[in-house]
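Everything below concerns the one structure shown next.
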Amino acid sequence: MSGSTRILGIDPGSQVTGYGLIDVGKKGNTAKLVHSGEIKTSGEHTDRLRQIFDQIFQVVKEYSPDEVSVERVFVHRNADSALKLGQARAAALCSTFESDLPIFEYAARQIKKAVVGRGGADKTQVQHMVKLVLSMRDKPKSDEADALAAALCHAHARSTRSLLDQAAVNL
Numbered sequence: 012m013s014g015s016t017r018i019l020g021i022d023p024g025s026q027v028t029g030y031g032l033i034d035v036g037k038k039g040n041t042a043k044l045v046h047s048g049e050i051k052t053s054g055e056h057t058d059r060l061r062q063i064f065d066q067i068f069q070v071v072k073e074y075s076p077d078e079v080s081v082e083r084v085f086v087h088r089n090a091d092s093a094l095k096l097g098q099a100r101a102a103a104l105c106s107t108f109e110s111d112l113p114i115f116e117y118a119a120r121q122i123k124k125a126v127v128g129r130g131g132a133d134k135t136q137v138q139h140m141v142k143l144v145l146s147m148r149d150k151p152k153s154d155e156a157d158a159l160a161a162a163l164c165h166a167h168a169r170s171t172r173s174l175l176d177q178a179a180v181n182l
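Counting in my numbering, the sequence shown runs from 12 upward without gaps.
If you want it as structure tokens, here you go:
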């Protein structure tokens, strides 16, 4: 898309990290799927972090996103799981630092509300709406859909900020 912004969405996880790239038109009302997938890790935790870092680094290098959108870590009851998730998130984000990309964070409920219309939507609803919005032939895998949803959420937020900026100038 000419004059578009490329957004990399990341759904961090220590076992599976989803990623998705979309191109968004200048006005923010069009989104086109560029590439998406899942990073399935294995081995010790530090090996998993290295795999996330290396693969997101390659995605950034190959697809040259302009901005990054990531799901904010939600702390569950298990502190050890939250810590590992936070480390996976950090590994993914650190892999974008060399490109000096702006990073935007959104809560899971905010992402779901932007894509499905309900903050309490389940994973299958997110998958379905991502498939529809991006005109995908097949339903994306769960973590892939969550990453694309993060990118779409940011696209909506960008569009809203742009409209508000324009309105402020016209006052």
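Idealized CB from N, CA, C, for every residue including glycine. Just so we're clear, the structure is a prediction, and the values are computed from it rather than from any experiment.
Q. First and last residue of the beta strand (DSSP E) that includes F64?
A. Not the beta strand (DSSP E): F64 falls in the alpha helix (DSSP H), residues 56–74.
Q.
Quick check on DSSP: helix, strand or coil for D154?
A. Helix at D154.
Q. Taking the continuous alpha helix (DSSP H) assigned at G97, which residues delimit it?
A. Its alpha helix (DSSP H) spans residues 90–105.
Q) How would you call Y82, buried or exposed, if buried means at least 16 neighbouring beta carbons within 10 angstroms? A) According to the sequence provided, residue 82 is Glu. The question's Tyr does not apply to it. Buried, since its Cβ has 16 or more Cβ neighbours within 10 Å.
(Q) Is the separation between the beta-carbon of A103 and that of I21 shorter than 8 Å? (A) The answer is yes: Cβ separation under 8 Å.
(Q) Below 8 Å on the Cβ atoms is my contact criterion, and I expect A162 with I18 to pass it. Report the Cβ-Cβ distance as a whole number of Å. (A) Going by Cβ atoms, the distance from A162 to I18 rounds to 4 Å, so yes, they are a contact pair.
Q.
Which of the three DSSP states is assigned to T135 in this structure?
A. In the three-state DSSP reduction, T135 falls in the helix class (H, G or I).
Q.
So for K124, helix, strand or coil by DSSP?
A. Helix, per DSSP.
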